[in-house]
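Okay, so the sequence shown: first residue is 0 according to numbering that gives the first Met the number 0, each after it adds one.
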Amino acid sequence: MDYKKSKAPSSTITRNTHELELKAENIYEAVVIVGKRANQIGMEIKEELNQKLEEFANYTDNLEEVFENREQIEISRFYERLPKPTLIALDELMNDQITIKKHE
Numbered sequence: 000m001d002y003k004k005s006k007a008p009s010s011t012i013t014r015n016t017h018e019l020e021l022k023a024e025n026i027y028e029a030v031v032i033v034g035k036r037a038n039q040i041g042m043e044i045k046e047e048l049n050q051k052l053e054e055f056a057n058y059t060d061n062l063e064e065v066f067e068n069r070e071q072i073e074i075s076r077f078y079e080r081l082p083k084p085t086l087i088a089l090d091e092l093m094n095d096q097i098t099i100k101k102h103e
């Protein structure tokens with residue numbers, strides 16, 4: 000999924016717990032599902048950001064030199080402004096975009 004186009008809110012909003020319960024067997028299962036999905040999303044976003052920032056990596060032995068790269072700063076700021084993984088996962092759950100598989 001392209002998280003850059005997510006319609007998830009960028010700040011926390013109040014949720015109706017009854018609506019969350021309807022998406023799973025109970026509220027606790029819904030919380031676990033959102034938590035696991037948020038971890039997946041967080042890892043995917045982190046990998047994508049690291050790949051983009053790797054292009055700017057400067058491997059020098061001198062720690063005193065700090066290079067300011069505007070493009071690198073803008074990329075970092077963009078990723079900082081994305082909704083948090085938990086908010087994206089909650090949005091996916093509420094919009095039935097998560098497939099729940101039960102292992103018995």
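From the three backbone atoms N, C-alpha and C, an ideal C-beta is built for every residue, glycine too.
Rounded distance between the beta-carbons of residue j and residue i, thought under 8 Å
i          : j          : result
residue 32 : residue 97 : 6 Å
Simplified DSSP assignment, three categories, for residue i
i          : result
residue 89 : helix
residue 69 : helix
residue 14 : coil
residue 39 : helix
residue 8  : coil
residue 96 : coil
residue 23 : coil
Where residue i falls, given that 16 or more other Cβ within 10 Å makes a residue buried
i          : result
residue 91 : buried
residue 40 : buried
residue 21 : exposed
Distance between residue j and residue i (C-alpha atoms, nearest Å)
i          : j          : result
residue 55 : residue 48 : 11 Å
residue 36 : residue 85 : 8 Å
residue 26 : residue 17 : 8 Å
residue 6  : residue 82 : 9 Å
residue 34 : residue 3  : 20 Å
residue 19 : residue 68 : 43 Å
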